[in-house]
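**Q** Pasting in a structure now, in structure tokens, and then I'll have a few things to ask.
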Amino acid sequence: MTSDTQSITPSKISRWAGRTLTGLVMLFMAFDCIGKLIQLEPVVQSLAALGLPNGIAHGLGAIEVIAAFLCAVPKPRSWTRPC
């Protein structure tokens, strides 16, 4: 048995829309990471309003940096091969 797989190539508009949306998300995540790592006043106030200790901001910021990096770096092609 053989399975026919067709690759669908996205149009230029959809490719640029995806890049733009990804860029906006990365920008938001960068601002959020920086705010947590340098402990800006609004971040400290929001953590206090949520009932979280102030020291947790650095850990959350580090986790967000890792998540943003993993989101921004594209997957290798070897991971997307069909079985």
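Residues 166 to 248, numbered by the working numbering, are exactly what the sequence shown covers, in order. We treat Cβ as the ideally placed atom computed from N, Cα and C, and that holds for glycine.
#1: For residue 205, which of helix, strand or coil comes out of DSSP?
#2: Once DSSP output is grouped into helix, strand and coil, what is the label at residue 238?
#3: Do the stretch 235 to 244 and the stretch 196 to 203 meet, that is, are 3 or more Cβ pairs less than 8 Å apart?
#4: With a 10 Å radius around its C-beta and 16 neighbouring C-beta atoms as the bar for buried, classify residue 220 as buried or exposed.
#5: Apart from the five residues on each side of it in sequence, which residues of its chain come closer than 8 Å, Cβ to Cβ, to residue 222?
#6: Within this structure, are the beta carbons of residue 191 and residue 233 separated by less than 8 Å?
**A** Answer, in terms of the structure:
#1: Start at 1 with the first residue of the sequence shown, and residue 205 comes out as number 40. Coil.
#2: As a working mapping, residue 238 is identified with position 73 in the sequence shown. Coil at residue 238, not helix or strand.
#3: no
#4: By 1-based counting over the sequence shown, the position of residue 220 is 55. With fewer than 16 other Cβ atoms within 10 Å, it is exposed.
#5: For the purposes of this step, residue 222 is identified with residue 57 of the sequence shown, where counting begins at 1. Same-chain partners within the cutoff: 201, 202, 204, 208, 209 and 212.
#6: As a first step, residue 191 is located in the sequence shown; it is residue number 26 there, counting from the start. As a first step, residue 233 is located in the sequence shown; it is residue number 68 there, counting from the start. Yes; because the gap between Cβ atoms is below 8 Å, this pair is in contact.
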